[in-house]
Amino acid sequence: MTRLVRSLLALALTAALAWGAAQETFTYAAQADAVGLSPVLTNDQVSSVANRHIYENLVRRNPTTLELEPWLAESWETPDANTWIFRLRPGITFHDGTPFDAAAVKRTFDRIKDPATGSPRASLLAPVQTIEVVDDLTLRMTTGAPYGAFLAALAHINAAIESPTAVEQYGDLMRNPVGTGPFRFESWVSGDRITLVTNPDYWGGAPEIDVFEIVVIPDVNTQVALLERGEVDLLDALPPELVARVQTLPGVTTISQPGTPVFYLGFDHTEALWQDRTAREAIAAAVNTEVIVTLLQPTAVGSCSVIGPQVFGYVAGVEEACVGSDPARAAELWGQVEGARPITLWVPQIGNYPRVGQIIQGQLSQAGFDVSINLVEWGAYLAATSAGEQDLFLLGWSNVTADGSELLYPNLHTANVGASNRSGYSNPEIDAIIAASRGTTDQAERLALLDQANRALLADVAWVTLYHEVLLVAHRDALTGLEQLPNGDWLIGNAALAD
Amino acid sequence: MTQYALRRLLETVPILLGVTLLTFLILHLSPGDPAVLIGGPTATAEEIANIRARLDLDRPLPEQYLTFLGGLVRGDLGESVQRRESVRSMIAVRLPNTLFLAAASMLVTLFGVVLGVIAATKQNSLTDLSLMTVSLLGVSIPNFWLGLMLIIWFSVDLRWFPAAGLARPFFSWEGLQAVVLPALTLGTAGMALVARLTRSGMLEALQQDYVRTARAKGLADRAVVYRHALRNTLVPVVTILGLNFGYLLGGAVVTETVFAINGIGRLTVDSILARDYAVVQGCVVFIASAFVFVNLLVDLSYAFLDPKLRYQ
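Those protein sequences? They're chains H and Y, same order as listed. Each residue of the first sequence is one higher than the one before, starting from 1 at the first, in the working numbering. Each residue of the second sequence is one higher than the one before, starting from 1001 at the first, in the working numbering.
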């Protein structure tokens, strides 16, 4: 009997040890805590990392081909340009057991569109007029006018589907997320870590990684030390100056991918000075973006195109429409500008902006401009640039949808002056082209329209594109199967850890 | 003394009211808007207006302040506008980390008293010179740099200590191991300051008549130094220690950032950057209360250190 008990105990201990050893924990170091785990209510990078693994969308961008493909929606059809009928994948349940159906999708989209919800990306679904449940697995949506970027908008993390039961229970899912994704929410120690665990019933097959931890490590040097010690598996916010060091670390792989974020030097077009195209051309001619791209290597790629090479709407060769760098001509043009005056360059105190700002100040000064820098804290900067207090300014756009219409419409269309169109740029002819690119679902036609808008914006020097970001991820060699997208998203649903 | 302590405690009420009002005004008068930060650069004007309405930020400022005060009286610090989380729980999660780090750093700082005494009793010797040079370095070195160097040497190269975070339970081997580097980083400047202060105070005290008298009476050198000279030197040192402890409770943001410690200082700075008004208010109330309380304890300790001091 004693021997039997001993054997059983030994067996249990071995099983427990084997289970413990088999537990694969993936650790990601984030610079900040997530704001919340409701995709409907958040718009920050760390929340997106977690939400991308907890929730899913009707449509997603394929990590390899980058094409939009069916996901929670199995297929769709468009009987006319304003009607979209989505057939949903059967047999999927949310983490709380609620069946995934058309009513759940409608509930989520209604919440996004409801002004009382205060969703930060409600504009994604603004063109949608009606959402109708046809049957359990069929949803019909109509738009007021053809919406060319609709599928790209549906692939945005803010349009991910929440469990209606959980929304009913908690009000919002900021701290109680329930989706259909490969990982379930386990716990959140505010300011410290978020723990997700594998969803064993995931419709696409349970992930090999058992536990996904997002730990808050604010200092990037400490992040690198932890990666070196093997306590962190992945970093994705490396500043250019640390890349060389990380690349020499043993057991660490660095992968880079040209991304969708674009960074630019903007003008306050509401000012008489910057309404003068000659003044804008003078600035564009004075700036040499190659220097900036070289400084930020390997995290930047040069192209003066407004729509970057990784964004739908870019056509190779569009750069010929740009104003080239020519400081002598810049000085000559500036001499012709009526009301030429000292310039203030507004620079946000975050990321690479201060360094880029200093370079631009130097280049403009060399070309004969009188430039001072106004370095402003990020929160104050967003408020000031939204209110139009700036003169020249630096800013970027992450382009999560990777669709040119969703870059040009918020940033350069008259409808968004005073909010996301921070430069106050308003050009009725270009407005019409941008609107047309959103108003057709024919993708070939859209591509042609976006290229036309891009060329017109470059010719008009709407802004000076400085560089497009190259996204860098450093991870331990033990990690395989990581999927990375050009908008900065990465996924570990199909990943594994070798040790 | 009890009456004095009670009066001082009552005095904290208007101080805290003033602090909350000032914080509220500074936060709301400085540029920036939590709704704009939540929406990010992509938000449209309509989206920002809707976020503002959802968070009740469109209510008049006096009403918002009075709501906060009403909650404060009931012990409710409100909810984070950004994260929809109770401010009280946000502070409660971080408080043990902050207290443990502050206590460990105070131990490092207190070591400065010992160093100061040694330096004073061996004035102008090599020991004195070395200690004062090290303490000058301690005061001068920026603590973010010191922290990173300690991580590289002791955590990455030697692997003696973890590089980030505090381990629970605190009073376990792992817990104590994890606090060593952050406590050294945070406590070094204070230790150096206290060492220099103690040394100069001791040098002055050692010249006094009562010390000469004590020595003439034949008291052992140790008793003269520690019972007579040091005790008379401690009043300014304790004042600095009290202020330093108050600072450690709320101002350890650099060390907390470098070592990824989830503490009150980092919460305060992150909340200021996010314009998360309720959280900033809650943190400021906590830090101000802690400061007032610690300094009350310091004032009360004077009576023990110097019986000539009386409270009225």
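The beta-carbon is built from N, C-alpha and C at its ideal position, and this holds for glycine as well. Every value quoted in this text rests on a predicted model; they were computed, and no experiment measured them.
Quick one: does Val35(H) have its CB under 7 Å from some CB of chain Y? yes
For Phe369(H), which three-state DSSP category applies? coil
Just reading off the alpha helix (DSSP H) that Leu1115(Y) is part of, what are its end residues? 1087 to 1121
Could you work out which residue in Val59(H), Gln390(H), Leu412(H), Gly439(H) is closest to Leu457(H) when comparing CA atoms only? Leu412(H)
What is the DSSP secondary structure of Leu1206(Y), counted as helix, strand or coil? coil
To the nearest angstrom, how far is the alpha carbon of Ala21(H) from that of Trp188(H)? Confidence in Ala21(H) is poor, its pLDDT being 49 and thus under 50, which makes the residue's placement too unreliable to answer from.
At a cut-off of 6 Å, would you count Phe393(H) as near the ligand MG, judging by its Cβ distance to the nearest heavy atom? Although the ligand MG was asked about, the structure shown includes no ligands whatsoever.
Going by beta carbon distance, what residues of the same chain come within less than 6 Å of Glu406(H), once the five residues before and after it are set aside? Ala149
Hey, how far is the Cα of Asp1299(Y) from the Cα of Asn1244(Y)? 14 Å
Output the distance between the C-alpha atoms of Gly1138(Y) and Phe267(H), rounded to the nearest integer angstrom. 47 Å
Any idea what DSSP makes of Arg1168(Y), helix, strand or coil? coil
What do you reckon, are the CB atoms on Leu235(H) and Leu227(H) nearer than 7 Å? yes
Three-pair Cβ contact test at 8 Å for the segment 443 to 451 of chain H versus the segment 83 to 100 of chain H: no
Which partner residues of Ala29(H) appear in the DSSP bridge assignment? Val215(H)
Residue environment, Leu1297(Y), which counts as buried when at least 16 other CB atoms sit within 10 Å: exposed
In or out: Phe1304(Y) buried (at least 16 other Cβ within 10 Å) or exposed? exposed
Would you say Gly1044(Y) lies against chain H (beta-carbon separation less than 7 Å)? This sequence places Thr at residue 1044(Y); Gly is not what is there. By this cut-off, Thr1044(Y) is an interface position.
Using CA atoms only, rank isn't needed, just tell me which of Val464(H), Gln275(H), Leu485(H), Phe100(H) is closest to Val400(H). Leu485(H)
Does Asn176(H) come within less than 7 Å of chain Y when only Cβ atoms are used? no
Thinking just about the alpha-carbon of each residue, which of Asn158(H), Gly424(H), Ala331(H), Glu290(H) is nearest to the one in Arg60(H)? Asn158(H)
One question on the structure: do Asp431(H) and Asn1262(Y) come within less than 7 Å of each other, judged by their Cβ atoms? no
Own chain partners of Leu1203(Y) with C-beta closer than 7 Å, once the 5 adjacent residues on each side are dropped: Ala1120, Gln1123
Does Ala21(H) come within less than 7 Å of chain Y when only Cβ atoms are used? Residue confidence is low: Ala21(H) scores 49 on pLDDT, short of 50, so the model does not pin down where it sits. Its coordinate-derived value is still stated next. So, not an interface residue.
Output, in sequence order along the chain, the residues in the segment 1141 to 1163 of chain Y whose CB is closer than 9 Å to any CB in chain H. Phe1144, Gly1147, Leu1148, Ile1151, Ile1152, Ser1155, Val1156, Arg1159, Pro1162, Ala1163
Anything in the segment 1064 to 1098 of chain Y with a Cβ closer than 8 Å to a Cβ of chain H? List those residues in chain order, please. Gln1082, Arg1083, Arg1084, Glu1085, Ser1089, Met1090, Val1093, Arg1094
Throw me the rounded Cβ distance for the Arg175(H) and Leu37(H) pair, which I believe falls under 8 Å. 7 Å
Looking at the structure shown, is Trp76(H) part of a helix, part of a strand, or coil, going by DSSP? strand
If you compare alpha carbons, which of Gly1075(Y), Ala1103(Y), Leu1021(Y) is closest to Val1180(Y)? Ala1103(Y)
At which residues does the beta strand (DSSP E) containing Met506(H) begin and terminate? With chain H running from 1 to 499 in the structure shown, residue 506(H) is simply not present.
Residues of the segment 1019 to 1052 of chain Y in Cβ contact with chain H at a cutoff of 9 Å, in chain order, please. Ser1030, Pro1031, Gly1032, Asp1033, Pro1034, Ala1035, Val1036, Leu1037, Ile1038, Gly1039, Gly1040, Pro1041, Thr1042, Ala1043, Thr1044, Ala1045, Glu1046, Glu1047, Ile1048, Ala1049, Asn1050, Ile1051, Arg1052
Please report the residue range of the beta strand (DSSP E) in which Phe86(H) lies. 83 to 88
Could you check how far apart the C-beta atoms of Glu469(H) and Pro309(H) are, in whole angstroms? I think they sit under 8 Å. With 8 Å as the limit, Glu469(H) and Pro309(H) do not qualify as a contact, their Cβ atoms being about 11 Å apart.
Residues of its chain near Thr117(H), where Cβ-Cβ distance is below 6 Å and the 5 sequence neighbours each way are ignored: Arg111
Tyr264(H) in three-state terms, based on DSSP: strand
Straight-line Cα distance separating Ala367(H) from Ala282(H): 9 Å
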